[in-house]
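Structure record follows, encoded as structure tokens.
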Amino acid sequence: MIPKVEIVEAATLEKSKPLPDNVILENGKYFYKGIYLKYLNALTRRRDQDYIEVPDDDEMFLDYFNYDLTRAKAMKRQPKVDMRRLPLLKKDFFVPTPVLEERSAAENEKYLAENNITASGQDLPPAIQQFSEYDFGEKINARLQQYDAPTAIQAQGWSIALQGRDLVGVGQTGSGKTLGFLLPAFVHIRRQQRVLEEAGFKDNNTPVALVLAPTRELVQQIMQVALEYGPMVGVKPVVMFGGSNRTMQLRNLQQKRAKLIIATPGRLRDFIAAGDVSLNLCSYLVLDEADRMLDMGFEPQIRAIVQHTRKDRQTLMWSATWPSEIQSLANEFMTDPVKLCVGSTELSANPDITQHVHVCDSREKIGMLEDLVKEMVENNSNNQCIVFCETKRTVDRVARQVERLGYRVDAIHGDRSQRDRDRVLNGFRRGVTSVLVATDVAARGLDIPDLSCVVNYDYPNDAESYIHRIGRTGRCGQKGVSHTFFTHDNENNARDLVKVLRKANQSIEPALQQMADQSRSSKGGNSRGGGSRGGYGGGRGGYGGGSGGYGGGSRGYGGGGRGG
Numbered sequence: 211m212i213p214k215v216e217i218v219e220a221a222t223l224e225k226s227k228p229l230p231d232n233v234i235l236e237n238g239k240y241f242y243k244g245i246y247l248k249y250l251n252a253l254t255r256r257r258d259q260d261y262i263e264v265p266d267d268d269e270m271f272l273d274y275f276n277y278d279l280t281r282a283k284a285m286k287r288q289p290k291v292d293m294r295r296l297p298l299l300k301k302d303f304f305v306p307t308p309v310l311e312e313r314s315a316a317e318n319e320k321y322l323a324e325n326n327i328t329a330s331g332q333d334l335p336p337a338i339q340q341f342s343e344y345d346f347g348e349k350i351n352a353r354l355q356q357y358d359a360p361t362a363i364q365a366q367g368w369s370i371a372l373q374g375r376d377l378v379g380v381g382q383t384g385s386g387k388t389l390g391f392l393l394p395a396f397v398h399i400r401r402q403q404r405v406l407e408e409a410g411f412k413d414n415n416t417p418v419a420l421v422l423a424p425t426r427e428l429v430q431q432i433m434q435v436a437l438e439y440g441p442m443v444g445v446k447p448v449v450m451f452g453g454s455n456r457t458m459q460l461r462n463l464q465q466k467r468a469k470l471i472i473a474t475p476g477r478l479r480d481f482i483a484a485g486d487v488s489l490n491l492c493s494y495l496v497l498d499e500a501d502r503m504l505d506m507g508f509e510p511q512i513r514a515i516v517q518h519t520r521k522d523r524q525t526l527m528w529s530a531t532w533p534s535e536i537q538s539l540a541n542e543f544m545t546d547p548v549k550l551c552v553g554s555t556e557l558s559a560n561p562d563i564t565q566h567v568h569v570c571d572s573r574e575k576i577g578m579l580e581d582l583v584k585e586m587v588e589n590n591s592n593n594q595c596i597v598f599c600e601t602k603r604t605v606d607r608v609a610r611q612v613e614r615l616g617y618r619v620d621a622i623h624g625d626r627s628q629r630d631r632d633r634v635l636n637g638f639r640r641g642v643t644s645v646l647v648a649t650d651v652a653a654r655g656l657d658i659p660d661l662s663c664v665v666n667y668d669y670p671n672d673a674e675s676y677i678h679r680i681g682r683t684g685r686c687g688q689k690g691v692s693h694t695f696f697t698h699d700n701e702n703n704a705r706d707l708v709k710v711l712r713k714a715n716q717s718i719e720p721a722l723q724q725m726a727d728q729s730r731s732s733k734g735g736n737s738r739g740g741g742s743r744g745g746y747g748g749g750r751g752g753y754g755g756g757s758g759g760y761g762g763g764s765r766g767y768g769g770g771g772r773g774g
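Shown next as structure tokens:
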């Protein structure tokens, strides 16, 4: 937590050296430029609040605000990969089944078009449209049968990755990308192990595959999937992230002789700098949520890590957006990559999520939330929702209020210990609680496949955060619902929110549209919800009723087909 009148000082840089591009000097102090501007803006917007929550992970704190020259120098002292001493790398392990061999390029193009995927690259292999069309191993094949079919990004991404080609995947959260890069990783590890053993690299303690992700929560989420499938084919994954015992993480790597590391950039960089981890045999590299890693200031760490891997490695990069910074990174780290895009390369809301925005007064929000939770639980006792708030004080207050109604609720924010957060999140995943009240920081990386609903009790700073929040529901082709309480304190965000809604073909309440129009003309305005279609109570798309309401009509929370 950072008092609103204070910005954390970064470590002093060597005065004789020029400032790195991502570092800014302000009032005699050094900061990461992007993070400084972002939180300075947040402070300006929320003068009425005592605190602003930022990531409290010790590693994240270091990498956000501290340009650490000591670690950078230690990394440079570590020996780089000597390609002359390494065995020839084999990357193409794609063995098409007869069904895939018979599928024509025209049929494949039709499949991609039907699933709104654009692909750039030469000689695309056929997409694995059904789980039965490829052999990932008997046990994994059996586990996959619980799903109807691969997502489109999995179907085409698997065949490309199995060919050993570099891949850029651009798409919304919930597209199934985690299995999209993990299953080919398992195949690569097993086959590459044979190559290494034949070349005399037997029983070494060096990973073959590496997944980098921006946050410890996302690392833990990926680890859960890896633990579900990896042991079925003899792959033992380990994690490395800040905020947890470093010695224990290193011991796990050594004892398990793990060939798959899932890590945050800062913690892995520390292990490499100390000489505890070698990546000279790492031939399969994944950068997950690459855009977020750059936004969070991890580019120096990523570059340092990549320099310690094989130059002829296979690289997969996954990102929600495709800005110039990501394009430059892809051009530098990858060789003739295939690019798969799900929909637009601009960040957009998942069209499988029905979005409801309720223009209201701040005093009305708690009553609206109580009604939403009651409606959700009465429709189905197994339904769950996440309620996002901006501050820890609001989180605690809202959680207490919902708990008084007799519902199973828990809360997480930056003041809770990591052990406590893990307990709360695990309980929510198991269905022990129905409602989780959380801040963005505390709930990042949380993945609940069947999450019914997301509620934005407080609207976030920007449309990008809004899209990431509601993206917790409607994952992997399932339908989801989001509800957002929007007050006149948020009117500066009205135009951007309307753009998000319109792009996702959602209905736009007149009160919200009026706010957006007033914001555009810089005239302000004091109207409050209501109206025949908008507002708290009424009409089509309103909070309680009509054809787009939460509980009723053709697209209520528990209702029939998709409307609105």
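If you want this note's numbering, it's the 1-based position in the sequence shown plus 210.
No residue lacks a Cβ here, since even glycine has one placed at the ideal position from N, Cα and C.
C-alpha distance - G331 paired with K469, whole-angstrom precision: 30 angstroms
DSSP-derived helix/strand/coil call for V516: The answer is helix: DSSP assigns V516 an H, G or I state.
Assigned secondary structure, N455 (DSSP; H/G/I helix, E/B strand, else coil): DSSP places N455 in coil when its eight states are reduced to three.
Limits of the unbroken alpha helix (DSSP H) element including P394: K387 to E408
Beta-carbon spacing of S662, C599 below 7 angstroms: no
Distance between Q366 and L322 (C-alpha atoms, nearest Å): 8 angstroms
Closest by C-alpha distance to D699, when choosing among A621, G577, R573 and P335: R573
6 angstroms CB neighbourhood of P424 in its chain, flanking five on each side removed: E499, R502, M503 and M506
Same chain only: Cβ atoms within 7 angstroms of Q723, ignoring 5 sequence neighbours per side: V708
Distance CB(V552)-CB(I327) smaller than 7 angstroms: yes
Where G749 sits in the DSSP three-state scheme: Caution applies to G749, whose pLDDT of 35 falls short of 50 and renders its modelled position unreliable; the model cannot decide the point.
contact_flag[the stretch 600-609, the stretch 555-569] where n(CB pairs < 8 angstroms) is 3 or more: no
Residues of its chain near V597, where Cβ-Cβ distance is below 6 angstroms and the 5 sequence neighbours each way are ignored: V647, V665 and Y667
Status (buried if at least 16 other CB within 10 Å, exposed otherwise) for R295: exposed
N- and C-terminal bounds of the alpha helix (DSSP H) containing A500: A500 to D505
Residues that DSSP places opposite W528 in a beta bridge: G379
M433, buried or exposed, once every other Cβ within 10 Å from all chains shown has been counted against 16: buried
Inter-stretch contact at 8 angstroms, needing at least 3 Cβ pairs: the stretch 334-348 / the stretch 367-375: yes
Spatial neighbours of T307 in its chain, beta-carbon cut-off 6 angstroms, leaving aside the 5 residues before and after: E343
CB contact flag (M450, Q464, <7 angstroms): no
Test item: CB-CB of S488 and T416 under 7 angstroms: yes
Residue of R375, R603 and R640 minimising C-alpha distance to M527: R375
Reduced DSSP secondary structure (H/G/I, E/B, other) of H693: Correct three-state label for H693: strand.
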